[in-house]
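Presented below is the structure to which this report refers.
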Amino acid sequence: MAPDHRTKGADAPLGLPRPQRSERPGGCDPAFPRTATPSDLVGRVLGLNPGMMTGPGTNTYLVGRRDPILIDTGAGVPDYLPLLERYLAERGWTRPSRVLLTHRHVDHLGGVRHLRERWPDLRVSKMRYRDTGLPEPIEDLRDGDVVEGDGVTLVAVHTPGHASDHLCYYLREARALFTGDVVLGGSTTVIPSGDGDLADYMASLRRLLELPLERIYPAHGPVIEDGPGLVHEYIEHRLMRERQILEALADGLVTIPAMVKRIYADVPEKLHAMAAQSVESHLRKLERDRRVREHRERHAPSRWELLAG
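In structure tokens form, the structure reads like this:
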């Protein structure tokens, strides 16, 4: 399974489990490979930060034939840099040519400092948006920007929802997409409160279906061979959750804990706090759609009202 993370670098709970459509189960499996070469254009180095928040850890990707581009940097675990250097040596490479970050969460940009200590002139880029405390200097990337590498072309695709600054990177030569935390290998993404937005997230998923897409390389979990199939699953899953929440409200379950207890009855209770984030993200969207109204309680969970029409 794989994670979700809050803004300002703090970790948010792991995504909720879903059926696999990928090379092998991820989860917190200690057998998940520390390095892999899923194609002749893509290498993968694990961030070595396993846990409930991150599944097997953050995947970082080296993209290109020589002088590869590094996508994401892990959380800053000290053993990551030696592992990266060993894999670079195995491939006959000396260093990354530059770094592209999917978004600001700490398990994606936390390794920048160690990489810059090793290669002080290393260029690092991301979408600069609502950021504080970045490991400067960071170059700005915008939606549609093209990054040329050695035998590869990466196109930045703005995909807010999980995080407002989130970029996916489309690899033209392989019809593949590096999805960061928008699409995960083994779980769905929990939309965090604050910087997360479910309406934006749904729009981002639908935008991905407009790409000539085959394979997905997620930031957590294994490679996904049927990218469009999984994106459709994600959309249907969210629509199903919305229906379940509306049905729960109609049946008189008006607080998030009550909804979670019913909707996630088959999910271990230790994951219910994460499930509550998912339910809240749906309710916030429904509130903007004027289908529900929140009634805040001073010393109790908010009560939610289903609006007529």
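This note's numbering applies: residue 14 is where the sequence shown begins, and numbers increase by one.
Note that the Cβ used here is the ideal one computed from N, Cα and C, for glycine as well.
Here the alpha carbons of G207 and G123 stand approximately 21 angstroms from one another. According to the DSSP assignment, E130 belongs to the alpha helix (DSSP H) that extends over V125 to R131. Per the coordinates, the alpha-carbon of V119 lies some 27 angstroms from the alpha-carbon of A102. In this structure, P81 is the residue among T166, G68 and P81 with its C-alpha nearest to the C-alpha of R57. Distance from the Cα of P63 is smallest, within the candidate group G105, A44, R316 and R220, for A44.
A direct Cα-to-Cα measurement between G60 and R143 gives close to 25 angstroms.
Taking the Cβ atoms as the reference, H127 lies roughly 6 angstroms from G89, within the contact range of under 8 angstroms. For G56, there is no enclosing alpha helix (DSSP H); the residue is found in the beta strand (DSSP E) stretching over V55 to L59. Between R117 and the set P205, H179, I269 and R129, the nearest pair of CA atoms involves H179. Separation of Y100 and T48 (C-alpha to C-alpha, rounded to the nearest whole angstrom) is 7 angstroms. Contact between the stretch 143-160 and the stretch 174-188 is present, with at least three C-beta pairs closer than 8 angstroms. A straight-line Cα-Cα distance of about 12 angstroms links P133 and S110.
Inside the stretch 63-138, DSSP marks whole beta strand (DSSP E) runs of 3 or more residues at positions 72-76, 82-84 and 111-113, from first to last along the chain.
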